[in-house]
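Undergrad: Using the working numbering, you'd call the opening residue of the sequence shown number 4 and step up by one each time.
Here it is, the structure, as structure tokens.
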Amino acid sequence: RVLLAGMVEQIVRRSTRSGGMMARFNLADASGALEVVVFGRAYDRVMSRIKEDMPVIAVCDVEPDADGESLRVMVQDVFLYEELEGLPQVLELGFDLSLMDDERLLDLRSLLDEHPGVVPVYLKVRGPGGWALLEAREVRVDPGVTAELEKLEGLEVRSLPDREALLAGKLGGEGQTEVVPF
């Protein structure tokens with residue numbers, strides 16, 4: 004299961020052989036566009052909520068197509084841009100490991116310890132091999148610590164929708180409360 008963000012473009016609706024409805028549309032951003040499909044129960048949940056040129060985050064399943072040559076991306080749910088503010092948040096702290104000495108890392112840890120709360124913390128760390136996103140397990144902070152964290156040199160602070168909750172289907176754009184297993 005993956006999350007994809009982009010603008011909805013080129014919606015095409017049609018009937019399936021079984022009499023249901025399906026749709027194809029593109030999710031586009033500055034890097035390009037990706038065709039996605041939606042059908043079954045997800046069709047009713049998704050298609051009543053979106054229209055052309057609407058920014059969304061789509062919860063998708065990915066599987067090989069019939070010939071195994073490419074991947075098929077199937078939308079299971081969508082979240083509209085204006086809904087993102089109401090979603091549970093995580094705090095993502097990004098930094099380049101080569102620029103953070105032990106003292107700065109200890110300052111960061113102390114600041115997190117001094118402001119316990121409910122917001123999960125993720126560390127986006129750049130190392131010699133690229134980026135890694137790490138969950139700081141059992142570290143939860145008060146959202147008010149953001150201003151103090153932004154004062155730390157070399158630290159990028161972002162509040163983002165909780166990807167794990169979106170992927171797990173715990174929220175659902177239309178009140179979905181569970182994921183139907185395959």
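Where a beta carbon is used, it is the ideal one built from N, C-alpha and C, also for glycine.
This one's a predicted model, so the numbers in the text were calculated from it and none came from an experiment.
Cα separation between Ser18 and Val40?
TA: 13 Å
Undergrad: Do Ala2 and Gln79 have their C-beta atoms closer together than 8 Å?
TA: The chain is shown only over 4 to 185; residue 2 falls outside these bounds and no answer can be derived.
Undergrad: Whose C-beta lies closer than 6 Å to the C-beta of Asp68 among residues of the same chain, with five residues either side of it excluded?
TA: Arg75
Undergrad: Just the Cα atoms here: how many angstroms apart are Tyr125 and Thr149?
TA: When rounded, the distance between both Cα atoms is 13 Å.
Undergrad: Could you tell me which whole alpha helix (DSSP H) segments of length 4 or greater appear in the stretch 97-142?
TA: 105-117
Undergrad: Tell me whether the stretch 108-125 and the stretch 133-145 touch, counting them as touching only if at least three CB pairs, one residue from each stretch, are closer than 8 Å.
TA: Contact between the stretch 108-125 and the stretch 133-145 is present, because at least three Cβ pairs lie under 8 Å.
Undergrad: Glu153 and Val160 look like a contact to me (Cβ under 8 Å); what is the Cβ gap, rounded to whole Å?
TA: About 5 Å; that satisfies the 8 Å criterion.
Undergrad: Provide the residue span of the beta strand (DSSP E) that contains Leu37, from first to last.
TA: Gly35 to Phe42
Undergrad: Between which residues of its own chain and Ala36 is the CB-CB distance below 6 Å, once the five residues before and five after are set aside?
TA: Asn29
Undergrad: Should Ala61 go down as buried or exposed, given a rule of 16 or more other Cβ atoms within 10 Å for buried?
TA: buried
Undergrad: In the DSSP assignment, what residue or residues form a beta bridge with Ala8?
TA: DSSP links Ala8 through a beta bridge to Ile60.
Undergrad: For the alpha helix (DSSP H) that contains Arg166, what are its first and last residues?
TA: Arg166 to Ala171
Undergrad: Taking just the CA atoms, how far does Val11 sit from Asp56?
TA: 5 Å
Undergrad: Using a Cβ-Cβ cutoff of less than 6 Å, which residues in the same chain neighbour Gly175 once the five nearest sequence positions on both sides are dropped?
TA: Caution applies to Gly175, whose pLDDT of 47 falls short of 50 and renders its modelled position unreliable; the value that the coordinates give is listed next. Asp80, listed in sequence order.
Undergrad: Quick check: the Cα distance between Thr130 and Phe98, rounded to an integer number of angstroms?
TA: Sequence check: residue 130 is Gly here, not Thr. If I take the Cα positions, the gap works out to 9 Å.
Undergrad: In whole angstroms, give me the CA-to-CA distance for Met24 and Gly71.
TA: Taking the straight line joining both Cα atoms gives about 24 Å.
Undergrad: Name the one or two DSSP bridge partners that Met50 has.
TA: Answer is none; Met50 lacks a bridge partner.
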